[in-house]
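To keep things clear, I will list the structure first and then write my remarks on it.
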Ligand SMILES: Cc1cc2nc3c(=O)[nH]c(=O)nc-3n(C[C@H](O)[C@H](O)[C@H](O)COP(=O)(O)OP(=O)(O)OC[C@H]3O[C@@H](n4cnc5c(N)ncnc54)[C@H](O)[C@@H]3O)c2cc1C
Ligand SMILES: Nc1ncnc2c1ncn2[C@@H]1O[C@H](COP(=O)(O)O)[C@@H](O)[C@H]1O
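Protein chains in written order, with our numbering: chain V, 1072 to 1408; chain W, 149 to 437.
Structure representation (structure tokens):
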């Protein structure tokens, strides 16, 4: 088989557990590999991960190149970048995907730079297609799709002249396949050939902090945008979230202006959510925001501007002042029969 | 001897405040109507460099790659206390993706010569890619520490920082040289210093007055350009093939303006009854409890 077409996923592990985003990417890779008629591979680094890695098969991964070394049990840039670069050079995949996490965004650019190939950040969709440059037509090219420029446009990026095509994708963007326990993965042990001199970062402390909000798991999200960012309205949004048993989300400018913490932010550069109900309060509905919530089962939009793009996406639209409407909703819910 | 610190700064379109006329009818971006600003996290990188210099002594050199107009952000660096500023500018750098950008910046940094620390913003708001910093580090073959939310300590030949990660944070230490990418939470950037602004204006005037006429002396540009080194492809000994469009493997295949897929949507009356009906319906359908 032409391994130049294989799709490889970087397996991120934190605290000896495979990150969810890696499983999502394996699911996306399976879809791409099917179209390419190729296989899904993975590159994993760490220590004592064999048991964890077995589950990769359930998500469609056929082979994982695994480098086991105690010094790799926690992420540091140079050893990880060198190892991944070496595996890519040796096995020559056509596509390599990374989670757009702090780890993925740290290591992927280094790898792309070492391989002199293209890398597209924060893709919201990946497809296979062709691309022409002058007389040459490149078949089976990775189309890397992402919003750009204030959300008014969606750009399709390609890098057919450099192999592999590389992209990062945020957690939650790609749908995870249902695991198939009958599918297995071949674990191929790779030697660790990193010099002691390359371990340049000394880890003094690792502190895990419980998340205050868990937007990803929330079934109901009440989300505040700039039209709901005054303290009183935010308070009402919070209250509605509480009475409904949901969480408080927000748009990016609300985070940028220091009103809410980043862990509340929904969207392309925030968290991607798929709740049963999403209530967008004073949110205009720019594409970067929609990228994070368009797959909610039900969407209610409250906005004083009847032309706001969010209404095109909403199942229920309420035109009006958000403070006023939130007040009515809380009252209606509290007095429900 | 103090530390030699390099800061990379970028002038970016203010994508956080995109207005309606930012898009042309043909679906392309009308850059002309977008105001340009100092990339916010680069101000945090500069602030951190100035703070380190205050503690450890040394020099702060700011580098920006961009069109001649990018001199504006370098001026801002001087006003805040940078010692040296360099504009990497040449038509042949145009159209660069992150790979070509990091290549040009790496060549410029090599021309500067010796350095202990390179500070970048974590990401630039025009694309939010966060790639240029790590790619410079790779090309210089030095260590990197990304997503720094705090500098904990600067020791003799090393630095200790706090890195924010998904499930908490880590405290890590690296020897020099190292490249750091700084986030907005690391510090509160200082404003331009009025005295500094005056100093540069005045020095500039003296230098200009010998060779330019009075009307030009008044120009701010004249004052500042004496302090800005401008380097082109040859000056930084870059391979033109690896610069700009020709050095950029990523190509934009297609740009589409966004068409919203209309979904079946219902207008709910903004009245007590309308809202109460909606809440009822959601309860009936088990969407809410
Ligand atoms: C690279 C990049 C990444 C981005 N990532 C994200 C992201 O992850 N998440 C995100 O959300 N954004 C993101 N953005 C920003 C995004 O483009 C928009 O700027 C942002 O979503 C707008 O937020 P907003 O709708 O809250 O504010 P605005 O666009 O200012 O909209 C406010 C809305 O509130 C309405 N309103 C005002 N007052 C009232 C009132 N009293 N009652 C009712 N309605 C009212 C207005 O009609 C308006 O529609 C990103 C941008 C870029 C360039
Ligand atoms: N043209 C440029 N000139 C100087 N610095 C840059 C340039 N492009 C990117 N950078 C630096 O790299 C960081 C990350 O940029 P980006 O990869 O575009 O998100 C920025 O915050 C800057 O510090």
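Cβ atoms here follow ideal geometry from the backbone N, Cα and C, with glycine treated the same way.
- CB contact flag (residue 293 of chain W, residue 1148 of chain V, <9 Å): Cβ distance < 9 Å, so residue 293 of chain W and residue 1148 of chain V count as in contact.
- Message: Contact between the region 1162-1173 of chain V and the region 1280-1294 of chain V is defined here as three or more beta-carbon pairs at a separation below 8 Å; is this criterion met?
- Response: The region 1280-1294 of chain V and the region 1162-1173 of chain V do not touch, with fewer than three beta-carbon pairs separated by less than 8 Å.
- Listed by chain order, chain V residues near residue 427 of chain W by CB distance under 7 Å: From the beta-carbon of residue 427 of chain W, the residues of chain V found nearer than 7 Å are 1400, 1403, 1404, 1407.
- Message: Let me confirm a value: residue 1264 of chain V is counted as buried when at least 16 other C-beta atoms fall within 10 Å, else exposed. Which label applies?
- Response: Answer is exposed; the Cβ neighbour count stays below 16.
- N- and C-terminal bounds of the alpha helix (DSSP H) containing residue 228 of chain W: Note, residue 228 of chain W: alpha helix (DSSP H), 219-228.
- Query: CA-CA distance, residue 1269 of chain V and residue 158 of chain W?
  - Reply: Answer to the nearest angstrom: the Cα atoms are 30 Å apart.
- Task: Kindly list, in the order they appear in chain W, the residues whose Cβ is closer than 7 Å to that of residue 1191 of chain V.
- Result: Correct list: 398.
- Item | Cross-strand partners of residue 1209 of chain V (DSSP beta bridge) | Its beta-bridge partners are V/1202.
- Task: Sort out for me which residues DSSP pairs residue 1294 of chain V with in a bridge.
- Result: Among the bridge pairs identified by DSSP, residue 1294 of chain V is matched with V/1320, V/1351.
- Query: Of all Cβ atoms in chain V, is any one closer than 9 Å to the Cβ of residue 214 of chain W?
  - Reply: Chain V contact via Cβ: absent.
- Could you check the C-alpha separation between residue 1233 of chain V and residue 1110 of chain V for me, to the nearest Å? In a straight line, the C-alpha of residue 1233 of chain V is about 20 Å away from that of residue 1110 of chain V.
- Message: Just to confirm the assignment, what range does the beta strand (DSSP E) spanning residue 312 of chain W have?
- Response: It spans 306-313 - the beta strand (DSSP E) in which residue 312 of chain W sits, taken as one unbroken run.
- Rounded separation between residue 391 of chain W and residue 1282 of chain V - CA only: One C-alpha to the other measures close to 43 Å.
- Query: Going by DSSP, which residues form a beta bridge with residue 1341 of chain V?
  - Reply: Looking at the DSSP assignment, residue 1341 of chain V forms no beta bridge with any residue, so it has no partner.
- Query: Does DSSP classify residue 1397 of chain V as helix, strand or coil?
  - Reply: The DSSP-derived three-state label of residue 1397 of chain V is helix.
- Query: Using the C-alpha atoms, what's the distance from residue 256 of chain W back to residue 150 of chain W?
  - Reply: In a straight line, the C-alpha of residue 150 of chain W is about 21 Å away from that of residue 256 of chain W.
- Query: Which residues in chain V sit within 7 Å of residue 249 of chain W, going by Cβ to Cβ distance?
  - Reply: One finds nothing in chain V with a Cβ atom closer than 7 Å to the Cβ of residue 249 of chain W; even the nearest lies about 11 Å away.
- Just reading off the alpha helix (DSSP H) that residue 1150 of chain V is part of, what are its end residues? Note, residue 1150 of chain V: alpha helix (DSSP H), 1148-1162.
- Just to check, is the beta-carbon of residue 418 of chain W closer than 8 Å to a non-hydrogen atom of ligand 1? No; taking the cut-off as 8 Å, the Cβ of residue 418 of chain W has no heavy atom of ligand 1 nearer than that.
- Task: Give me whichever residues DSSP pairs with residue 291 of chain W in a beta bridge.
- Result: Answer is W/326.
- Item | Residue-chain proximity (residue 413 of chain W, chain V), Cβ-Cβ < 9 Å | By this cut-off, residue 413 of chain W is an interface position.
- Message: By DSSP's criteria, residue 266 of chain W is part of a beta bridge. Which residues make up the other side?
- Response: As a beta-bridge residue in DSSP terms, residue 266 of chain W pairs with W/154, W/327.
- Message: Quick check on this structure: which residue in V/1210, V/1175, V/1157 has the alpha carbon closest to the alpha carbon of residue 1230 of chain V?
- Response: Residue 1230 of chain V has its Cα closest to that of V/1210, out of V/1210, V/1175, V/1157.
- Item | residue 1237 of chain V classed as buried or exposed, judged by whether at least 16 other C-beta atoms fall within 10 angstroms | By the neighbour-count rule (16 or more Cβ atoms within 10 Å), residue 1237 of chain V is buried.
- Task: Let me know the secondary structure DSSP gives residue 1084 of chain V once reduced to three states.
- Result: In this structure, residue 1084 of chain V counts as strand in the three-state DSSP scheme.
- Task: Taking only heavy atoms of ligand 2 into account, decide whether any of them is closer than 8 Å to the Cβ of residue 153 of chain W.
- Result: Within 8 Å of the C-beta of residue 153 of chain W there is not a single heavy atom belonging to ligand 2.
- Within the chosen definition, does the region 320-330 of chain W reach the region 199-211 of chain W through at least 3 CB pairs nearer than 8 Å? Here the region 320-330 of chain W does not lie against the region 199-211 of chain W, with fewer than 3 beta-carbon pairs under 8 Å apart.
- Could you check the C-alpha separation between residue 1113 of chain V and residue 1128 of chain V for me, to the nearest Å? When rounded, the distance between both Cα atoms is 10 Å.
- Message: Can you give me the C-alpha to C-alpha distance between residue 246 of chain W and residue 1361 of chain V, rounded to a whole angstrom?
- Response: Roughly 26 Å separates the two Cα atoms.
- Message: Would you say residue 317 of chain W lies against chain B (beta-carbon separation less than 9 Å)?
- Response: Of the chains in the structure shown, none is chain B; the protein chains are V and W.
- Quick one, are the C-beta atoms of residue 1108 of chain V and residue 1254 of chain V less than 9 Å apart? For residue 1108 of chain V and residue 1254 of chain V, no; Cβs fall outside 9 Å.
- Task: Would you mind listing the beta strand (DSSP E) stretches within the region 1220-1247 of chain V that are 3+ residues and don't spill past its ends, in chain order?
- Result: Correct list: 1224-1229, 1236-1240.
- Hey, is residue 281 of chain W close to ligand 2, as in C-beta under 8 Å from one of its heavy atoms? Flag set: Cβ of residue 281 of chain W near ligand 2.
- Task: Take residue 1242 of chain V as the anchor and find which of W/195, W/314, W/318 has the nearest alpha-carbon.
- Result: For the options W/195, W/314, W/318, the alpha carbon positioned closest to that of residue 1242 of chain V is the one of W/314.
- Task: At 8 Å on the CB atoms, spell out the chain V contacts of residue 402 of chain W, in chain order.
- Result: Annotation: Cβ neighbours of residue 402 of chain W in chain V (cutoff 8 Å, chain order): 1226, 1227.
- Task: Starting from residue 1335 of chain V, find everything on chain W with Cβ-Cβ shorter than 9 Å and list it in chain order.
- Result: The contacting residues do not exist; residue 1335 of chain V stays about 15 Å from chain W at best.
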